[in-house]
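Single-structure report; data block below.
The structure is reproduced here in structure tokens:
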């Protein structure tokens, strides 16, 4: 049975989680490897990355050490206003990055060279978004 009234993660928790996941991917590190370095389960790392569980100050310090970045790394870009979008909105970037494919899709898109190829992919995605959703 699903829990009702599950609180929505705070946007800063989601942002920090996305930064954790992004840095872990940059390093080619698995969730299990990071979990071992932190002394937690890989499921706990998953919860941190989704923003479902808040990262304590001491855990953030441990993460920064394990991933060789300053603690401030996890807050970079938060003040640019992107966090103001409602996380409940179906079109919220926060919600997109919490989906199983959202982060991977964004990462793949960023691997494309800037210019015509990206524009074609974006045009195709926009066209696909206008198609009726299958029931």
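Numbering (the numbering used here), first residue to last: 900 to 1034. Positions of the beta carbon are idealized from the N, C-alpha and C atoms, including for glycine. Bear in mind the structure is a predicted one, so any value in this text is a computation, not a measurement.
Top-ranked residue by Cα proximity to residue i, from the options
| i | options | result |
| --- | --- | --- |
| residue 966 | 1007, 1006, 927 | 927 |
| residue 909 | 920, 949, 944 | 949 |
| residue 911 | 938, 945, 925, 976 | 976 |
Where residue i falls, given that 16 or more other Cβ within 10 Å makes a residue buried
| i | result |
| --- | --- |
| residue 1013 | exposed |
| residue 969 | exposed |
| residue 981 | Its pLDDT being 49, under 50, residue 981 is placed unreliably in this model, and the coordinates cannot settle the point. |
| residue 1000 | exposed |
| residue 1044 | The requested residue 1044 is not part of the displayed model; the chain covers only 900 to 1034. |
Whole-Å CB distance - residue i paired with residue j, under 8 Å assumed
| i | j | result |
| --- | --- | --- |
| residue 922 | residue 974 | At roughly 13 Å, the Cβ-Cβ gap does not stay under 8 Å, so residue 922 and residue 974 are not in contact. |
| residue 943 | residue 936 | So it is not a contact: roughly 12 Å between Cβ atoms. |
| residue 919 | residue 962 | 6 Å |
| residue 941 | residue 931 | 5 Å |
| residue 924 | residue 1006 | 7 Å |
Alpha carbon of residue i to alpha carbon of residue j, nearest angstrom
| i | j | result |
| --- | --- | --- |
| residue 917 | residue 1004 | 14 Å |
| residue 1016 | residue 951 | 35 Å |
| residue 964 | residue 1032 | 44 Å |
| residue 1019 | residue 1009 | 14 Å |
| residue 906 | residue 955 | 18 Å |
| residue 946 | residue 1030 | 33 Å |
| residue 995 | residue 1021 | 16 Å |
| residue 1011 | residue 1002 | 15 Å |
| residue 939 | residue 978 | 29 Å |
| residue 960 | residue 953 | 13 Å |
Chain C contact for residue i (CB, 8 Å cutoff)
| i | result |
| --- | --- |
| residue 945 | Absent from the structure is chain C; it holds one protein chain and no more. |
Fully enclosed by the segment 904-975, which alpha helix (DSSP H) runs are 4 residues long or longer? Counting whole runs of 4 or more residues, the segment 904-975 contains the alpha helix (DSSP H) stretches 910-926, 930-937, 941-949, 956-965.
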